[in-house]
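If you read the sequence shown in the working numbering, its first letter stands for residue 758, the second for the next number, and so on.
Backbone N, C-alpha and C define an ideal beta-carbon position, used for all residues, glycine too.
Note that the structure is a prediction, hence the values are computed from the model and not measured.
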Amino acid sequence: MTSIPKELPDALRTEHFFNDIHHQTFLILFVSLLDAVRKESAVVVENCIDNITVYLFIHFLDEEEGMTYARSKGWVLPDALAEHAAVHINLVQWWNTHVFFPFKKGELTCESVFDLCRDYCMRIIDHIGAYDLKTYGPTVRDTDGSLGENAHISLSRLPLSPYMPGALQIVTMLAPDVVAEINPQSIAPAARLRLPALRLCAANQPVLPDGRGSYRDILYRGNGGIGVVSSAW
Ligand SMILES: [Fe+2]
Ligand SMILES: [Fe+2]
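What follows is the structure, given as structure tokens:
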């Protein structure tokens, strides 16, 4: 039986600092979740599942905003960005369909939560290798490019974790049915604060050209195309 690595393997490092921190954090959350399932600690299990759920939206959105910036620089091709963002949607839908909603309805046994969550973590690890490395890895940007993208994400004021202002508002915008099921006790007080005025990359071209709306597209539309960042950094 495959077990989850506790540390992000070197081969999966993108050298994009917050992206690597996010990926490491996913491993920590899943290891904690599986440990809590083994101990039958119901409160911790729900807390981990809720925070993983919020983190998925935050992480994928941050990646898509970073890739939109990278696309504006010519580092990432539009088709590659669209394909990557479509996989994000599939990953979230799988989690919600097979884990989040059935768990909230009390339909999962401890054993099935364990197996599903371990398998899902492996899917995330596969995604990092198959997609994130292609769009964030050192083969895609040089160090200055990576620093510029990190600066852009920081200055966009998007939340970088489920514990930052606006995190809950982001999930409300992207998936109101999910927010309704999250246990309020799982959410950090700061996450309930309002989203600051965002300064997203000026990109009228949607990430997903078929109109489905990537997470970044939905946010951009929902904000009325808030703020246009100067790409000077
Ligand atoms: Fe990722
Ligand atoms: Fe990704």
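Heavy atom of ligand 3 within 7 Å of residue i beta-carbon
{"i": "His773", "result": "Ligand 3 is not part of this structure, which contains only ligand 1 and ligand 2."}
Residue i (DSSP reduced to helix, strand or coil)
{"i": "Leu950", "result": "coil"}
{"i": "Leu765", "result": "coil"}
{"i": "Leu834", "result": "coil"}
{"i": "Gln850", "result": "helix"}
{"i": "His884", "result": "helix"}
{"i": "Val964", "result": "coil"}
{"i": "Arg973", "result": "helix"}
Counted within 10 angstroms of its Cβ, other Cβ atoms place residue i as buried (16 or more) or exposed
{"i": "Cys867", "result": "exposed"}
{"i": "Asp899", "result": "exposed"}
{"i": "Gly831", "result": "exposed"}
{"i": "Lys763", "result": "exposed"}
{"i": "Phe774", "result": "exposed"}
{"i": "Pro916", "result": "buried"}
{"i": "Glu822", "result": "buried"}
{"i": "Thr771", "result": "buried"}
{"i": "Gly886", "result": "exposed"}
{"i": "Arg973", "result": "buried"}
{"i": "Asn804", "result": "buried"}
{"i": "Arg795", "result": "exposed"}
{"i": "Ala842", "result": "buried"}
{"i": "Ser911", "result": "exposed"}
{"i": "Thr825", "result": "buried"}
{"i": "Ile809", "result": "buried"}
{"i": "Asp807", "result": "buried"}
{"i": "Ala908", "result": "exposed"}
Inter-residue Cα distance where the pair is residue i and residue j
{"i": "Thr929", "j": "Val811", "result": "10 Å"}
{"i": "Gly984", "j": "Arg978", "result": "Any reading at Gly984 must be qualified, since the residue scores a pLDDT of 49, below 50, and its modelled position is unreliable; the value itself is stated next. Rounded to whole angstroms, Gly984 to Arg978 spans 12 Å at the Cα level."}
{"i": "Asp967", "j": "Gly902", "result": "29 Å"}
{"i": "Leu813", "j": "Ala768", "result": "22 Å"}
{"i": "Ala839", "j": "Cys874", "result": "26 Å"}
{"i": "Leu834", "j": "Pro766", "result": "27 Å"}
{"i": "Ala799", "j": "Leu791", "result": "11 Å"}
{"i": "Leu786", "j": "Pro963", "result": "32 Å"}
{"i": "Ile944", "j": "Arg951", "result": "14 Å"}
{"i": "Glu906", "j": "Asp819", "result": "11 Å"}
{"i": "Ile761", "j": "Gln781", "result": "11 Å"}
{"i": "Trp851", "j": "His884", "result": "13 Å"}
{"i": "Asp876", "j": "Pro933", "result": "26 Å"}
{"i": "Arg956", "j": "Ala827", "result": "15 Å"}
Contact belief for residue i with residue j at Cβ below 8 Å, rounded distance in angstroms
{"i": "Ile815", "j": "Pro919", "result": "6 Å"}
{"i": "Pro925", "j": "Ala948", "result": "The question names Pro, but residue 925 in the sequence shown is Leu. The pair is a contact, with the Cβ atoms about 5 Å apart (cut-off 8 Å)."}
{"i": "Lys861", "j": "Glu938", "result": "5 Å"}
{"i": "Leu931", "j": "Ile975", "result": "6 Å"}
{"i": "Val801", "j": "Phe857", "result": "That pair is no contact at about 16 Å."}
Interface flag, residue i vs chain B, CB-CB below 8 Å
{"i": "Tyr888", "result": "Structure shown: chain B not included; a single protein chain is present."}
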